[in-house]
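Numbering (my numbering), first residue to last: 13 to 209. Glycine included, every Cβ here is placed at the ideal spot set by N, Cα and C. Encoded as structure tokens, the structure appears first; notes follow it.
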């Protein structure tokens, strides 16, 4: 079994989001230890991943016309459809997440690979994973502007991932808030979620 960790926590070891992701993954693996899990991490800060421009689009269209899905440009899409479980960690930036995560999703969204169109014109996702967990932290309170998670839910529907979950620690940059208490409470919620899954 493969757990895919999409790491968009670009502050590295200083990332509060990464702290929560590690907690979730560790407890998930421990809870589901009756199966052998391989963790495959994509650290987007280290990936040479570019948005699709006219040149890249032409190259991709050429590969798609030949159904050459083994080309390296499709490596991220292949990882998505082969994963059994997906965890995405990204800080809350400008109501969504860092731009590299958006580019990654763009590169994963490949007609004929991550989804196909049925005769009725409705896309059918080809991802194997049944669940994606989205973990974030924010300096303020997210409230009704949860655009990052809303986007991920829509993408999961396109890719055929039936269930999504959202975990956050919010208000971490508000003066007077106890940052450690907020993070500890989020970790407690993670333990509760894992224990009930």
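Can you give the Cα-Cα distance for residue 72 and residue 91, rounded to whole angstroms? Here residue 72 corresponds to residue number 60 of the chain shown, with the count starting at 1. Here residue 91 corresponds to residue number 79 of the chain shown, with the count starting at 1. In this structure, the straight-line span from the alpha carbon of residue 72 to that of residue 91 is close to 17 Å.
Does the stretch 43-58 touch the stretch 68-84, meaning 3 or more C-beta pairs lie closer than 8 Å? These segments do not touch.
Between the Cα of residue 98 and the Cα atoms of 174, 203 and 186, which residue gives the shortest distance? The residue given as residue 98 occupies position 86 in the chain shown. For the residues 174, 203 and 186, the minimum Cα distance to residue 98 belongs to 174.
Using a Cβ-Cβ cutoff of less than 8 Å, which residues in the same chain neighbour residue 75 once the five nearest sequence positions on both sides are dropped? The residue given as residue 75 occupies position 63 in the chain shown. Hits under 8 Å: 81, 83, 85 and 86.
Meets three-Cβ-pair contact criterion under 8 Å: the stretch 27-44 and the stretch 111-119: Taking a cut-off of 8 Å for Cβ pairs, the stretch 27-44 and the stretch 111-119 do not touch, as fewer than three such pairs fall below it.
List in chain order: all unbroken beta strand (DSSP E) runs of 3+ residues lying wholly within the stretch 27-87. Within the stretch 27-87, the runs of beta strand (DSSP E) at least 3 residues long that lie entirely inside it are, in chain order, 50-55.
Which residues bound the beta strand (DSSP E) around residue 17? Indexing the chain shown from 1 puts residue 17 at position 5. 14-19 is the extent of the beta strand (DSSP E) around residue 17.
Spatial neighbours of residue 197 within its chain, please: CB distance less than 8 Å, with the 5 preceding and 5 following residues excluded, ordered by chain position. Taking the first residue of the chain shown as 1, we reach residue 197 at position 185. Cβ neighbours of residue 197 beyond the five flanking positions: 181.
Determine contact between the stretch 39-47 and the stretch 161-174, defined as no fewer than three beta-carbon pairs at a distance below 8 Å. Segment contact: the stretch 39-47 against the stretch 161-174, fewer than three CB-CB distances shorter than 8 Å; contact not assigned.
Taking the beta carbon of residue 28 as the centre, do at least 16 other beta carbons fall within 10 Å, making it buried, or is it exposed? In the chain shown, counting from the first residue as 1, residue 28 sits at position 16. It counts as buried.
Would you identify the three-state DSSP class for residue 184, choosing helix, strand or coil? Sequence index remark: in the chain shown, residue 184 carries index 172 (1-based). Under the three-state reduction of DSSP, residue 184 is assigned to coil, being neither helix nor strand.
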